[in-house]
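Before any comments, here is the structure.
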Amino acid sequence: MKNLVLRTAIITLSATVFLFLLIFGICAACAPVAMMNVTANLGMKAQSGNYAYRVYERDGTIEHLAYACEIAIVTQDDDKIIERLDVFFDEAGFANYCMAQDEASAGSNHISGGYGQYLYGGYACALYRVGEKTEAIDYAIEAAGEQFPQNNAVIALAYEGKEDARFCDDFASALKGSAAKDVQACKDIINILEDFANE
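Here the sequence shown is numbered in the numbering used here, starting from 47 and rising by one per residue.
Structure below.
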C-alpha cells in the first residue's frame, strides 16, 4: 500500500513538473514579451534581457533591443554586450533613440553625454574585460571625441581599469595624443590615470 501511494505521488509530481515546463516553454516561444516582463519581475535580469532580444529579433522594435543591451551591461555579460551593441549601433534609429532618452531624462539631473555615451562606455568596458585592452582604449577615445562630454566612455573605462597599472599608463599616454587632450576634463582623467599607474 505504501509503495502504491509513493508511486502515485512520484507520478503526480513528475506530471506536474512536466506540465509546468511545457507551459513555460510554450509561453517562451509564443509570448516572449510576457516572459520578459515575468522574468524581470522575478529579478531574473539576464533572462529578461534574453527574452527582450528575442522580441527584437522577431519584430525589430528598437526599445526591446535597447533594453536587452542595458541588461547585458548591468549584468556584465561581455559577449552579449559586444554582440548586442554591435547590432544596436548599426540600427538606423540609434541616434534618434539616444536623443529621445536624453530628452526624457533632461529634467532629472541630466549629465552631458547621456545615453549614447553610457552605451559606448559599456562597450569599451566589455572589450577591456575580454582582454581587448588596446581596442577598448581606442574605442573609448573615439567615442568621447573632441568635445569630451562630462559623462563619456573614457571615464567609464578609466574606472573599469583603475587597478591595472599598466593599462592606466597606456590609457594616459593614448589620451595625451587624443583630440581632446587640451580639454580640462580630459587633462583631469590623464592625471587620475597616471596616479593609478603609479600606485
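We put the beta carbon where it would ideally sit given N, CA and C, even for glycine.
Quick caveat: nothing in here was measured; it's all calculated off a predicted structure.
Determine, using beta carbons only, whether residue i and residue j come nearer to each other than 9 Å.
i	j	result
Tyr161	Ala202	no
Ala220	Phe242	no
Tyr185	Tyr166	yes
Tyr169	Ile235	no
Tyr102	Ala114	yes
Gly139	Ile108	yes
Lys233	Gly207	no
Ala190	Ala226	yes
Leu111	Glu137	yes
Let me confirm a value: residue i is counted as buried when at least 16 other C-beta atoms fall within 10 Å, else exposed. Which label applies?
i	result
Glu116	buried
Asp132	exposed
Val200	buried
Lys222	exposed
Gly177	exposed
Gln230	exposed
Ser94	buried
Ala182	buried
Kindly indicate which three-state DSSP category residue i falls into: helix, strand or coil?
i	result
Lys227	coil
Ser151	coil
Phe70	With a pLDDT of only 49 at Phe70, under the threshold of 50, the placement of this residue in the model should not be trusted; the figure read from the coordinates follows. Reduced to three states, the DSSP call for Phe70 is helix.
Glu129	helix
Starting from residue i, follow the alpha helix (DSSP H) in both directions and report where the run begins and ends.
i	result
Thr180	Lys179 to Ala190
Gly160	Gly160 to Arg175
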